[in-house]
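A quick write-up on the structure given underneath.
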Amino acid sequence: LQEHIVRTKRLEAVEQMGAAISHEIRNPLTTAIGFVQLLQENDAPQEKQTEYLTLIKSELESAERVIQDYLTFSKPSLVALSDIYLHDEIHHVLKILQPLANQYSVEITEKLEPVSSIHGDRQKIRQCFLNIVKNAIESMPNGGVLTIESTASPINAIVKIEDSGVGMTKQQIDRLGEPYYSTKGSRGTGLGMMVVYSIVRALRGTIKVQSKVGKGTVFLLTFPIKPES
Ligand code: ADP
Ligand code: MG
Numbered sequence: 096l097q098e099h100i101v102r103t104k105r106l107e108a109v110e111q112m113g114a115a116i117s118h119e120i121r122n123p124l125t126t127a128i129g130f131v132q133l134l135q136e137n138d139a140p141q142e143k144q145t146e147y148l149t150l151i152k153s154e155l156e157s158a159e160r161v162i163q164d165y166l167t168f169s170k171p172s173l174v175a176l177s178d179i180y181l182h183d184e185i186h187h188v189l190k191i192l193q194p195l196a197n198q199y200s201v202e203i204t205e206k207l208e209p210v211s212s213i214h215g216d217r218q219k220i221r222q223c224f225l226n227i228v229k230n231a232i233e234s235m236p237n238g239g240v241l242t243i244e245s246t247a248s249p250i251n252a253i254v255k256i257e258d259s260g261v262g263m264t265k266q267q268i269d270r271l272g273e274p275y276y277s278t279k280g281s282r283g284t285g286l287g288m289m290v291v292y293s294i295v296r297a298l299r300g301t302i303k304v305q306s307k308v309g310k311g312t313v314f315l316l317t318f319p320i321k322p323e324s
């Protein structure tokens, strides 16, 4: 069993990554536009046209993945801090990801006990759980079980996300959160966990990862609850 406490890593703030992200989105768009121009300009044979269209589709999908890992819930110029109930936000995220879970034959069990509120940005908190749960589902290409639990302690809201997926080695766990680190080839962005660590750090939370190759992974997150006033 690989157990590893990953202190909320010192990564650039999500905001500072904005420029890099826009680059990550602009690159595939520029390539796609190039192929559209080729299609418009020349009288390429049918098979060439089909090839260009396939490339355009894959470039657009790549831009869409970056947006999903980074901007799913963001609203322009709206950084609003409020009292957030994690069990509600997680329930919302699970609803959004249900179609993906169905596609992967993943069964989701929710054990969401009401927890005291934490203070934070709702969009970012949803993005954080979306990225973790999406990874968990994607780690079970042949189906499996995903369990999400929330519990309260006197000082923390605790969330446990457990999958029965491919698992990770210690080396892989160590690299979690590193920008562009992905084992998913062209289907990965390597941005999801970077965003997760950045958000958890902003909330002064902690992330603990336990994983066993071929067995599955547990993410344990804690967030300090808002003191009653
Ligand atoms: P991406 O999902 O685009 O590859 P992420 O930053 O979201 O990028 O995740 C980085 C890598 O961490 C993944 O490619 C995968 O190797 C690993 N990973 C994250 N969560 C899990 C999980 N629940 N089970 C197995 N591997 C995981
Ligand atoms: Mg991911």
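Going by our numbering, 232 is the number at position 137 of the sequence shown; the sequence numbering is gapless.
Even for Gly, the Cβ is constructed at its ideal location relative to N, Cα and C.
Nothing here was measured: the structure is a model prediction, and the numbers come from that model.
- Nearest C-alpha to residue 232 among 206, 205, 221, 197: 197.
- Annotation: the continuous beta strand (DSSP E) that includes residue 319 extends over 311 to 319.
- Screening all residues for a C-beta within a distance smaller than 5 Å of any heavy atom in the ligand MG leaves 230, 287, in chain order.
- Short of 6 Å from the beta carbon of residue 255, and not among the five residues preceding or following it, lie these beta carbons of its own chain, in chain order: 244, 315.
- The alpha helix (DSSP H) runs of length 4 or more contained entirely in the region 188 to 266 are, from start to end of the chain, 217 to 233.
- Residue 306 carries a strand assignment under DSSP once its states are collapsed to helix, strand and coil.
- 8 Å or more divides the Cβ of residue 261 from the Cβ of residue 228.
- For residue 269, same chain residues with a beta-carbon under 6 Å away, outside a window of 5 residues either side, do not exist.
- Taking every protein chain shown into account, the CB of residue 305 has 16 or more other CB atoms within 10 angstroms, so this residue is buried.
- The region 117 to 128 makes contact with the region 142 to 161: 3 or more CB pairs, one atom from each, lie closer than 8 Å.
- By the 16-neighbour rule on beta-carbons within 10 angstroms, residue 184 is buried.
- Taken atom to atom, the span from the alpha-carbon of residue 193 to that of residue 128 is near 33 Å.
- Under the DSSP assignment, residue 177 falls outside any alpha helix (DSSP H), being part of the beta strand (DSSP E) whose first and last residues are 176 to 179.
- It is roughly 14 Å from the alpha-carbon of residue 258 to the alpha-carbon of residue 206.
- Within the same chain, 168, 175, 177, 179, 184 come within 8 Å of residue 217 by CB-CB distance, once the 5 residues on both sides are set aside.
- For the 8 Å CB-CB criterion, residue 321 and residue 153 do not form a contact.
- The closest heavy atom of the ligand ADP lies 7 Å or more from the beta carbon of residue 189.
- At the C-beta level, residue 223 and residue 313 stay beyond 8 Å of one another.
- Ranked by Cα distance from residue 151, the options 166, 164, 131 are led by 131.
- Per DSSP, the continuous alpha helix (DSSP H) segment holding residue 293 begins and ends at 287 to 297.
- Its Cα nearest to that of residue 287, the residue 276 stands out among 296, 281, 276, 280.
- Cβ contact annotation for residue 283 (same chain, cutoff 6 Å, sequence separation greater than five): 277, in chain order.
- Taking 7 Å as the cut-off, the C-beta of residue 262 counts as close to a heavy atom of the ligand ADP.
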